[in-house]
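>
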Amino acid sequence: MGFGEFVKRIPEIIHNRTKSFITDDIAIFKPDAYVVNRKLCIEDYHFIIFHSTPPPAKIDNKELQFKKGSLISLEPGTEMTVFGLDNDKPCQYISINVKKDFMQKVANEALGKSDFRFSRCENSYSWQLLWAIKSFEYELSNYSQRFPFMIENLASQIAFLLLRDSLPEYGKLAANRRYENYLSQAIEYMRTYYSSSITIEDISKYIYLSPSHFKRVFKTETGITPYRFLLKVRIEKAKQVLLDEDYSFDEVARLCGFANAGHLSSVLKKSEGLTPSEYRRGDV
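Per my numbering, the sequence shown starts with residue 2, numbered consecutively.
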């Protein structure tokens, strides 16, 4: 495979406990710890999805604290150091490497050009990306490389979604062609990125309105606040996923934008009068 050099940089004690899904073009890792206090130079395109709050990190020469529920997008040549913490905190994240030539090929097909730059490294991830990753993992776990065409298609889909989620200006252009007003754009943004930890400020920035003006207009036009609307989207998605018993309650929570299974349970109980277990069983 083409990610041998990257794997060599992961301490054996961490790598042995890491779930890995590797093809020629994409490698997805699910570790239970961070490689700390060691500078890594990223050779390929590198992305990280944080399901828990990570330790502070240094990206090139800038120290940053990323938030839970965000997508980090790094270009080849980026230097990254994760700082260790004294206390033990939950460590849930997905690390994704995409070969440079493969990502540029996808970019050329999607954007009409292979040379692009990420305008920022911290972004929101879409629900489509999470589901594409789940499909990729399922295919490799159950069929390995028996169906290379399927693997290639899923790898291309993941690369495209990473590209789209990491380039807000690209998504904005698509939205401008499809929608006539900022309210529709805000609703579509929430329906796309509900899995991520998006905020009112994120939505407002996307549609070029101040947060206060956006909240006021949204409440006037829809009758509910943007927060309540986003919560309703997450609840409806969670109810759909709960019907599939293959997903644990923690997975349902992550896929649908809730902090954890406990948060999902309290919200669902308040909204539907049922716990996730009761809803899955079909209790009335």
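Virtual Cβ for every residue (Gly too), placed ideally from N, Cα, C. Source: prediction; values computed, not measured.
Cβ of TYR183 within 9 Å of Cβ of LEU210?
Here residue 183 corresponds to residue number 182 of the sequence shown, with the count starting at 1. Here residue 210 corresponds to residue number 209 of the sequence shown, with the count starting at 1. Yes, the pair counts as a contact, with Cβ atoms nearer than the cut-off.
> Cα separation between ILE11 and SER167?
Sequence index remark: in the sequence shown, residue 11 carries index 10 (1-based). Sequence index remark: in the sequence shown, residue 167 carries index 166 (1-based). When rounded, the distance between both Cα atoms is 25 Å.
> Taking only the alpha-carbon atoms, compute the straight-line gap between ARG235 and CYS257 and give it to the nearest angstrom.
For the purposes of this step, residue 235 is taken as the residue at position 234 of the sequence shown. For the purposes of this step, residue 257 is taken as the residue at position 256 of the sequence shown. So the two alpha carbons sit approximately 5 Å from each other.
> Once you ignore the five residues that flank GLY3 on each side, which residues in its own chain have a CB closer than 7 Å to its CB?
Stepping through the sequence shown from its first residue, residue 3 is reached at position 2. Once the five neighbours on either side are set aside, the close Cβ partners of GLY3 are ASP25 and LYS100.
> Alpha carbon to alpha carbon, how far is ALA108 from ARG178? Give it in angstroms, no decimals.
Mapped onto the sequence shown, residue 178 falls at position 177. Mapped onto the sequence shown, residue 108 falls at position 107. Bear in mind that a pLDDT of 42 at ARG178, under 50, signals an unreliable position, so the number given afterwards is only what the model happens to contain. Using only the alpha carbons, I get a separation of about 20 Å.
> Using the beta-carbon count (16 or more within 10 Å), is ILE225 buried or exposed?
Against the sequence shown, residue 225 aligns to sequence position 224. ILE225 comes out exposed.
> Given a threshold of 16 other Cβ atoms within 10 Å of its Cβ, counted over all protein chains shown, does LYS40 qualify as buried or as exposed?
Against the sequence shown, residue 40 aligns to sequence position 39. That one is exposed.
> Would a check of beta-carbon distances place PHE230 closer than 9 Å to chain D?
Of the protein chains in the structure, only one exists, and it is not chain D.
> Name, in chain order, the residues that DSSP records as bridge partners for LYS20.
Residue 20 sits at position 19 when you count from the first residue of the sequence shown. Paired residues: LYS31.
> According to DSSP, simplified to helix, strand and coil, what is GLU80?
Here residue 80 is taken as the residue at index 79 of the sequence shown, counted from 1. It is a strand residue.
> Write down every uninterrupted run of the alpha helix (DSSP H) in the region 93-170 whose length is 4 residues or greater and which is fully enclosed by it, in chain order.
Whole alpha helix (DSSP H) segments, 4+ residues: 101-112, 128-144 and 149-167.
> Would you report the Cα separation of ILE60 and SER120, rounded to the nearest angstrom?
Position 59 of the sequence shown holds residue 60. Position 119 of the sequence shown holds residue 120. Computed Cα separation, rounded: 14 Å.
> Could you check the C-alpha separation between LYS216 and SER196 for me, to the nearest Å?
To locate residue 216, count along the sequence shown from 1; it is residue 215. To locate residue 196, count along the sequence shown from 1; it is residue 195. Whole-angstrom Cα-Cα distance: 21 Å.
> Would you check if the distance between the CB atom of ASP45 and the CB atom of MET104 is smaller than 9 Å?
The residue given as residue 45 occupies position 44 in the sequence shown. The residue given as residue 104 occupies position 103 in the sequence shown. The answer is yes: Cβ separation under 9 Å.
> For the region 65-81 against the region 113-132, are there 3 or more C-beta pairs whose distance is under 8 Å?
With a cut-off of 8 Å, the region 113-132 and the region 65-81 count as touching, because enough Cβ pairs lie within range.
> Can VAL36 and ILE15 be called in contact, C-beta distance under 9 Å?
Residue 36 sits at position 35 when you count from the first residue of the sequence shown. Residue 15 sits at position 14 when you count from the first residue of the sequence shown. Contact: yes.
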